[in-house]
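Please read the structure below before turning to the comments.
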Amino acid sequence: MSFMKGDLLTKTRKLVKGLAKSEPAWLKAMEHAPPAAFPKSSGKVEKISLPEDPYIKKFFSKHPDSKHEDAILISSFDPPPARIFGWRVLELKEQGVGEEEAMAVADMEYRTETKAKKKAYARLKQIARLQGTTPPPNPYPSVIKEIQAEEDVYLRERYTNPKIIAIAEKMKADEAAKERERDRFRIDCPCYGEVANFLIVSKMAAPELQCHGNGEPQAFQAKSKLKIWGRQFGWQCASGLI
1 MSFMKGDLLT KTRKLVKGLA KSEPAWLKAM EHAPPAAFPK SSGKVEKISL
51 PEDPYIKKFF SKHPDSKHED AILISSFDPP PARIFGWRVL ELKEQGVGEE
101 EAMAVADMEY RTETKAKKKA YARLKQIARL QGTTPPPNPY PSVIKEIQAE
151 EDVYLRERYT NPKIIAIAEK MKADEAAKER ERDRFRIDCP CYGEVANFLI
201 VSKMAAPELQ CHGNGEPQAF QAKSKLKIWG RQFGWQCASG LI
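Written out as structure tokens, the structure is:
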């Protein structure tokens with residue numbers, strides 16, 4: 001039945017009606033309760049969206065610092081504050097509260113919780129000072145400070161690790177050599193009849209070169225076969241020779 005169009009029920013019904021097959025025992029039961037028909041896929045992967053996503057965007061537009069201050073732990077079961085905000089708005093809307101009022105209530109709850117966390121840590125530091133002990137680490141640290149603490153180890157190695165210092169010095173020397181080679185050419189100078197070094201003075205449409213032999217600038221004109229940066233220039237020496 002693979003060459004026939006339709007599902008199993010349609011194919012079996014056609015075969016039974018055409019006397020090509022005896023009626024199976026399950027046909028009437030399947031006709032009475034046919035299987036569910038699922039819609040065909042369009043071939044495009046749809047973007048996953050949740051009901052609270054619009055409110056999460058509004059939360060970040062109102063509190064942009066939350067992206068950097070509130071930690072998002074992938075391995076944690078605690079949702080980030082933005083998602084809690086969206087869930088709270090949906091919960092209040094289900095209770096009959098308007099959207100603007102629900103967002104205002106959820107925003108007030110977020111601000112209250114943030115202030116409570118700051119006050120709790122300030123109280124911990126105050127108790128530690130009274131007891132003469134070291135203040136405990138912040139139980140609600142900023143994401144930026146956590147990342148900076150992890151990177152601080154590598155930043156210190158930049159100035160203490162001999163291997164890293166050697167690599168940095170080598171990179172600086174290579175860059176300086178590239179800059180010198182890029183701005184230096186060796187051209188036959190008519191003044192001396194030999195190869196002389198020329199250094200770029202001006203990188204305009206008609207660049208000027210400075211001859212190391214007599215120290216005077218040489219002007220380029222777009223006439224000769226000399227190629228600089230993919231363009232052809234003619235040059236005139238201080239003695240007037242070309």
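Residues 1 to 242 (UniProt numbering) are what the sequence shown spells out, left to right.
For each residue, glycine too, the CB sits at the ideal point set by N, CA and C.
Since this is a predicted model, take the numbers as computed values, not measurements.
Item	Value
Counted within 10 angstroms of its Cβ, other Cβ atoms place T160 as buried (16 or more) or exposed	exposed
C-beta contact flag for G86 and I56 at 8 Å	yes
Secondary structure of T10, DSSP reduced to three states	helix
For D53 and F38, the rounded distance between their alpha carbons	27 Å
Distance between T12 and W26 (C-alpha atoms, nearest Å)	10 Å
Rounded Cβ spacing between residue 244 and V89 (contact assumed at less than 8 Å)	Outside the displayed span of the chain (1 to 242) sits residue 244, for which this structure offers no information.
Burial state of F59, where buried means 16 or more other Cβ atoms lie within 10 Å	buried
Range covered by the alpha helix (DSSP H) that runs through K57	D53 to K62
Residue environment, S76, which counts as buried when at least 16 other CB atoms sit within 10 Å	exposed
Anticipated Cβ contact below 8 Å, S66 with P81, distance rounded	6 Å
G6 to K14 span [Cα, whole Å]	10 Å
Simplified DSSP state of I48, which is helix, strand or coil	coil
Cβ-based burial, M103 [other Cβ within 10 Å; buried from 16]	buried
Y110 burial status per 10 Å Cβ neighbour count (16 or more: buried)	buried
Nonlocal neighbours in the same chain, by C-beta distance under 8 Å from I144, ignoring five residues either side	H68 and E69
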